[in-house]
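Inspection log for the structure reproduced underneath, given as structure tokens.
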Amino acid sequence: MKTKGHKAFASLRAGVVATVAAALVITPLAVANSAEVPTFGKKCTTEGVSTGTSSKSLVCAASSGGKLTWQRVRLAATNANPVAALTPPKGSIEFWHYRPEDKAHFELIISNYEARYPGTKITQVIKTTTDYNATARVQILANPRAALFATARGSIFNDFVNSGLTLNISNQRFVKQNLVSKGLTAGTVDGKVLGVPYHYLFNNPVYNTEIWAKEKWAFPKNLTQWTAWCKDAKAKGYVPLAWPGATRGQAAQISNSALMNSAASYADLSKNLEDLNSGKIDLTSPWFKGVADIYVKLRQAGCFPDNPTGVTEASALNLFATGKSPILPTGTFSMGAVKALNPELGGKMNLMSMVLTDGKVIAEGIMNNTFNLSVNAKSSSTNQKIALSFLSYLATGPVAAIYGNATTQHVNVLDVEYTNVDLLNTSPFQGKNTMLAPRFLILNTAVSDLTQDALIQIVGGKNTDEVLADFSKQIKQKLAG
Amino acid sequence: MGLPALLLFLAFYLYPALQNLQFATRRWDGITEPEFVGFRNFTNLLTNDDLFYKTLGNNLEFTFLVVIFQTIFALLFAVYLVNNSKVNIALRTLYFFPTILSSVSVGMIWLFLYDPNFGALNLFFNKLGLNSFALNWLGDEKSALYAIAFTQVWFHTGQMMVVYIAGLQQIPKELYEAAEVDGASRWKQFRNVTWPMAMPTTLVVMAYTTIQSFRAFDLIMVMTNSTAGPNNSTNIFSTLIYLTLFNELRLGYAAAQTIFMVIVMILITWLQRQTFGKRYEK
Numbered sequence: 025m026k027t028k029g030h031k032a033f034a035s036l037r038a039g040v041v042a043t044v045a046a047a048l049v050i051t052p053l054a055v056a057n058s059a060e061v062p063t064f065g066k067k068c069t070t071e072g073v074s075t076g077t078s079s080k081s082l083v084c085a086a087s088s089g090g091k092l093t094w095q096r097v098r099l100a101a102t103n104a105n106p107v108a109a110l111t112p113p114k115g116s117i118e119f120w121h122y123r124p125e126d127k128a129h130f131e132l133i134i135s136n137y138e139a140r141y142p143g144t145k146i147t148q149v150i151k152t153t154t155d156y157n158a159t160a161r162v163q164i165l166a167n168p169r170a171a172l173f174a175t176a177r178g179s180i181f182n183d184f185v186n187s188g189l190t191l192n193i194s195n196q197r198f199v200k201q202n203l204v205s206k207g208l209t210a211g212t213v214d215g216k217v218l219g220v221p222y223h224y225l226f227n228n229p230v231y232n233t234e235i236w237a238k239e240k241w242a243f244p245k246n247l248t249q250w251t252a253w254c255k256d257a258k259a260k261g262y263v264p265l266a267w268p269g270a271t272r273g274q275a276a277q278i279s280n281s282a283l284m285n286s287a288a289s290y291a292d293l294s295k296n297l298e299d300l301n302s303g304k305i306d307l308t309s310p311w312f313k314g315v316a317d318i319y320v321k322l323r324q325a326g327c328f329p330d331n332p333t334g335v336t337e338a339s340a341l342n343l344f345a346t347g348k349s350p351i352l353p354t355g356t357f358s359m360g361a362v363k364a365l366n367p368e369l370g371g372k373m374n375l376m377s378m379v380l381t382d383g384k385v386i387a388e389g390i391m392n393n394t395f396n397l398s399v400n401a402k403s404s405s406t407n408q409k410i411a412l413s414f415l416s417y418l419a420t421g422p423v424a425a426i427y428g429n430a431t432t433q434h435v436n437v438l439d440v441e442y443t444n445v446d447l448l449n450t451s452p453f454q455g456k457n458t459m460l461a462p463r464f465l466i467l468n469t470a471v472s473d474l475t476q477d478a479l480i481q482i483v484g485g486k487n488t489d490e491v492l493a494d495f496s497k498q499i500k501q502k503l504a505g
Numbered sequence: 628m629g630l631p632a633l634l635l636f637l638a639f640y641l642y643p644a645l646q647n648l649q650f651a652t653r654r655w656d657g658i659t660e661p662e663f664v665g666f667r668n669f670t671n672l673l674t675n676d677d678l679f680y681k682t683l684g685n686n687l688e689f690t691f692l693v694v695i696f697q698t699i700f701a702l703l704f705a706v707y708l709v710n711n712s713k714v715n716i717a718l719r720t721l722y723f724f725p726t727i728l729s730s731v732s733v734g735m736i737w738l739f740l741y742d743p744n745f746g747a748l749n750l751f752f753n754k755l756g757l758n759s760f761a762l763n764w765l766g767d768e769k770s771a772l773y774a775i776a777f778t779q780v781w782f783h784t785g786q787m788m789v790v791y792i793a794g795l796q797q798i799p800k801e802l803y804e805a806a807e808v809d810g811a812s813r814w815k816q817f818r819n820v821t822w823p824m825a826m827p828t829t830l831v832v833m834a835y836t837t838i839q840s841f842r843a844f845d846l847i848m849v850m851t852n853s854t855a856g857p858n859n860s861t862n863i864f865s866t867l868i869y870l871t872l873f874n875e876l877r878l879g880y881a882a883a884q885t886i887f888m889v890i891v892m893i894l895i896t897w898l899q900r901q902t903f904g905k906r907y908e909k
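Chains as they are written, first to last, in the working numbering: chain A, 25 to 505; chain B, 628 to 909.
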């Protein structure tokens, strides 16, 4: 017969067992959670994980002692907080650009700015791209009121720099504290920031998150995994990459990924591309043959659509928007067009890395800027101050948010709150190890076009050696002319 | 009296033409200072530019195809639709319809029709089991030029048909009546009455079609996404000059190309006059 004391002991024992068991289960969870709740300076477990890309975001990174801790995401050149816009003197300047599609957005921003700083006026002077590229430099040289101007990154920007039109703004606080430092490359010459690249685009493959989850695919991490993934996706009835081979500009986006890790370092890659641009090397060089070989391997793995050289951008968008293809290998800028075709894909797209090497990885993604904003070095001091003030205003989070959300493009500014779900989803890519789109290092348009055409022909099934030799000859003739 | 016209001619024709000659002796990107290079652009064009000869070949092939087929189809339609019956008028309207569309619209329509994977043309062939006819129309350098030439013919045949109908309606009915009395078949009536009597119209149609085919710029640019086709297979003079000028920013070289284009056009027109004009005059 069991006594009361025995019952009490049994209850106590059960309670102790339950408590110990609960403690055994809960303690490690609590420890794990304490490590994973991102708190500045606290321990973390997964290197590279970040909480976002604002100036307040944290990233799990190794400290000087080698321990993984939550640290501040440092996207700007310094750890200091972003600054407010500079106060301008009274006066008026002209803002020259070639983006009529942005007129209304800039109009709104300018009216807010003028309301905040009465007595200061900004007038937009807008031209078509062709007209701007052909005539704006000469006109701005003769017009000191044109204190702020846009230039396309690359050769046009270089022409303006060589004309002494771009003021060095490296020391401005907003440049150091408000802008993503990696995104300044396109506006930096010899270490001096001469232009603010405003857009921040990602020329990386966009993938359909729903299909990806449904097929339980892992993200390919190298060329071998990519070719294996293509074979698997094709076997499942998909067109692995909705590649628009008939639209050179968009077909060329994938070449950024192929070039990205094709050399031992970014410096080597830049030199190779500059040499290709100047004719020192041609497409038959071992380095470029390696790049072409990536295309051959992707082609052989069935990555591209049928009749790839006839697939227009519209067809590629259609393939992706209808779910026939899980990847659109162009960039963030295509997401708007995809959503126009299939609004249900809103919020179901994201960006992925495309590492097309089995060797050393020097970058995991591509970023790009479409235009730089520069202050006219030949304007009066007052006008320059107004231009700097307006530029610093554009470089504040809330103002850049107006522009970014209106144009559905990321901007090169910290603390921008994206209201567009797709921009929001893809913003963490700003924190990744990205490379400024290397294909634009080929400044000669004819060389650039022929290089891309050669790669397109290779995807089309032509003999690689013949294509490279033929297009090298064409490039040589263009450079001689 | 003729002075204003002369001034306009000098200002808007002769001066730009002379300035083009001047540009052709410069190396110039339109931004930096032009550099005088003498005749280097011309020698380069003739001795070290495969693309120039490829373009010349493409242009001649394109022009030949378009002129021949557009003229034949226009004449054929005109012969069958020359009488002003209600059905004929309706059919004329139908055939003329593409002409009123903008070339960009026509280019876009055919770009979709030719799409190798979604296009109606290949879907049609595949439905019939004629898979070997379903080509990569605009993406393959072997077929791209022909695909665009067909579109050009489709686009402008109706327009030339109307010109022919106007010409055919001027032929006296008595000639056909006399031929009928002599027992001439329809074919003989066509060969011995219609064809010789329509020769002046044919000359106009051919001259106009030739010029039109040299200016097929917009159609080619739209249908090839401004690339002049795979491996430049649809590059003709007008696209070549545009791409050299605005894409590569080689103004001097483009000016030299323009001069050669004018020479080729003059030669073709002269040959047409020599071949058909003299026969007609006889």
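We treat Cβ as the ideally placed atom computed from N, Cα and C, and that holds for glycine.
Exercise for the section: Give, in chain order, every residue of the segment 325 to 339 of chain A whose Cβ lies closer than 8 Å to some Cβ of chain B. Expected result: Those would be 329, 330, 331, 332, 333, 334, 335, 336, 337, 338 and 339, in chain order.
Practice task
Using beta-carbon positions only, say whether residue 122 (chain A) and residue 151 (chain A) come within less than 9 Å of one another.
Solution key: Taking the C-beta atoms as reference points, residue 151 (chain A) is found nearer than 9 Å to residue 122 (chain A).
Problem - Beta carbon of residue 466 (chain A) nearer than 9 Å to that of residue 146 (chain A) - result: No, the pair does not count as a contact, with Cβ atoms beyond the cut-off.
Practice task
Specify the secondary structure class of residue 159 (chain A) as computed by DSSP and reduced to three states.
Solution key: In the structure shown, the three-state DSSP call for residue 159 (chain A) is helix.
Practice task
Look up residue 500 (chain A) in the DSSP assignment and say whether it is helix, strand or coil.
Solution key: DSSP places residue 500 (chain A) in helix when its eight states are reduced to three.
Handout entry: Cut-off 7 Å between Cβ atoms - residues of its own chain near residue 224 (chain A), not counting five sequence neighbours on either side
Key = The answer, listed in chain order, is 204, 207, 391, 393, 434, 435, 436 and 454.
Problem - Beta-carbon proximity check, residue 863 (chain B) vs residue 652 (chain B), cutoff 9 Å - result: With a cutoff of 9 Å on beta-carbon distance, residue 863 (chain B) and residue 652 (chain B) are scored as not near each other.
Practice task
Mind listing, in chain order, the continuous alpha helix (DSSP H) runs of no fewer than 4 residues lying wholly within the segment 335 to 380 of chain A?
Solution key: Within the segment 335 to 380 of chain A, the complete alpha helix (DSSP H) segments at least 4 residues long are 337 to 345 and 359 to 365, listed from N- to C-terminus.
Exercise for the section: Give the interface partners of residue 21 (chain A) over in chain B, defined as CB-CB distance under 7 Å, in chain order. Expected result: This structure cannot settle anything about residue 21 (chain A), because the visible part of chain A is limited to 25 through 505.
Practice task
Verify whether the separation of the beta carbon atoms of residue 861 (chain B) and residue 847 (chain B) is less than 9 Å.
Solution key: Yes, the pair counts as a contact, with Cβ atoms nearer than the cut-off.
Practice task
Using a Cβ-Cβ cut-off of less than 8 Å, list which residues of the segment 762 to 784 of chain B approach chain A; keep chain order.
Solution key: Considering only beta carbons, the part of the segment 762 to 784 of chain B lying closer than 8 Å to chain A consists of 763, 764, 765, 766 and 767, in chain order.
Practice task
Answer yes or no: do residue 432 (chain A) and residue 360 (chain A) have a C-beta to C-beta separation smaller than 9 Å?
Solution key: In this structure, residue 360 (chain A) lies closer than 9 Å to residue 432 (chain A) by Cβ.
Practice task
Verify the CB distance criterion: does residue 742 (chain B) have a CB-CB separation below 9 Å to chain A?
Solution key: Yes, residue 742 (chain B) counts as interfacial toward chain A.
Problem - Per-residue burial, residue 897 (chain B) [other beta carbons within 10 Å of its own, 16 or more giving buried] - result: Its Cβ having fewer than 16 others within 10 Å, residue 897 (chain B) is exposed.
Practice task
Give a yes or no on whether 9 Å exceeds the smallest Cβ distance from residue 877 (chain B) to chain A.
Solution key: Chain A, which has a Cβ nearer than 9 Å to the Cβ of residue 877 (chain B), makes this yes.
Problem - Limits of the beta strand (DSSP E) - the one that residue 120 (chain A) falls within - result: First-last of the beta strand (DSSP E) with residue 120 (chain A): 115 to 121.
Practice task
Would you decide whether residue 635 (chain B) is buried or exposed? Buried here means 16 or more other CB atoms lie within 10 Å of its CB.
Solution key: Exposed: under 16 other Cβ atoms inside 10 Å.
Handout entry: Interface residues of the segment 667 to 678 of chain B facing chain A [CB-CB below 7 Å]
Key = Result list: 671, 675, 676, 677 and 678.
Handout entry: Secondary structure, alpha helix (DSSP H): runs of 4+ residues fully inside the segment 273 to 333 of chain A
Key = List check, alpha helix (DSSP H) in window: 277 to 284, 290 to 302 and 310 to 324.
Practice task
Use the C-beta contact count for residue 330 (chain A): other C-beta atoms within 10 angstroms, 16 or more gives buried, fewer gives exposed.
Solution key: Residue 330 (chain A) should be labelled exposed.
Handout entry: Chain-ordered chain A contacts of residue 750 (chain B) [CB-CB under 9 Å]
Key = What residue 750 (chain B) touches in chain A: nothing, since even the nearest Cβ is about 13 Å away.
Handout entry: Other residues of its chain near residue 842 (chain B): CB distance less than 7 Å, five sequence neighbours each side excluded
Key = Hits under 7 Å: 865.
Problem - Contact list for residue 501 (chain A) against chain B, beta-carbon separation under 8 Å - result: Neighbours of residue 501 (chain A) on chain B, chain order: 675, 676, 677 and 678.
Handout entry: residue 68 (chain A) versus residue 78 (chain A): straight-line alpha-carbon distance, rounded
Key = Between residue 68 (chain A) and residue 78 (chain A), the C-alpha separation is close to 19 Å.
Exercise for the section: Can you grab the Cα-Cα spacing for the pair residue 855 (chain B) / residue 248 (chain A), in whole Å? Expected result: C-alpha separation (whole angstroms): 35 Å.
Problem - Near-chain A residues of the segment 706 to 739 of chain B (beta-carbon distance less than 8 Å), N- to C-terminal order - result: So the list reads 738 and 739, given in the order they occur along the chain.
Exercise for the section: Using a Cβ-Cβ cut-off of less than 8 Å, list which residues of the segment 865 to 876 of chain B approach chain A; keep chain order. Expected result: Against chain A - using a Cβ distance shorter than 8 Å - the residues of the segment 865 to 876 of chain B are 873, 874, 875 and 876.
Practice task
Kindly list, in the order they appear in chain A, the residues whose Cβ is closer than 8 Å to that of residue 745 (chain B).
Solution key: Near residue 745 (chain B) (Cβ distances below 8 Å), the residues of chain A are 339 and 342.
Handout entry: When A:414, A:300, A:387 and A:365 are compared against residue 460 (chain A), the one with the closest alpha-carbon
Key = The residue with the shortest Cα to Cα distance from residue 460 (chain A) is A:387.
Practice task
Would you tell me roughly how many angstroms separate the C-alpha atoms of residue 180 (chain A) and residue 398 (chain A), rounded to the nearest one?
Solution key: Distance from the CA atom of residue 180 (chain A) to the CA atom of residue 398 (chain A), rounded to whole angstroms, is 12 Å.
Problem - Same chain, Cβ closer than 7 Å to residue 718 (chain B), neighbours up to 5 away in sequence not counted - result: Within the same chain, Cβ atoms closer than 7 Å to the Cβ of residue 718 (chain B) are found at 708, the five residues on either side in sequence being excluded.
Exercise for the section: List the residues of chain A that residue 753 (chain B) touches, going by C-beta distances under 8 Å, in chain order. Expected result: The premise fails here: residue 753 (chain B) is roughly 12 Å from chain A at the closest Cβ pair, so nothing lies under 8 Å.
Exercise for the section: Using a Cβ-Cβ cut-off of 9 Å, state whether residue 57 (chain A) counts as contacting chain B. Expected result: Caution applies to residue 57 (chain A), whose pLDDT of 39 falls short of 50 and renders its modelled position unreliable; the value that the coordinates give is listed next. Taking Cβ atoms only, chain B never reaches closer than 9 Å to residue 57 (chain A), which makes this a no.
Handout entry: DSSP-derived helix/strand/coil call for residue 804 (chain B)
Key = In the structure shown, residue 804 (chain B) sits in a helix (DSSP, three-state: H, G or I).
Practice task
List the residues of chain A whose Cβ lies closer than 7 Å to the Cβ of residue 858 (chain B), in chain order.
Solution key: The contacting residues are 477 and 481.
Handout entry: Interface residues of chain A facing residue 880 (chain B) [CB-CB closer than 7 Å]
Key = Neighbours of residue 880 (chain B) on chain A, chain order: 505.
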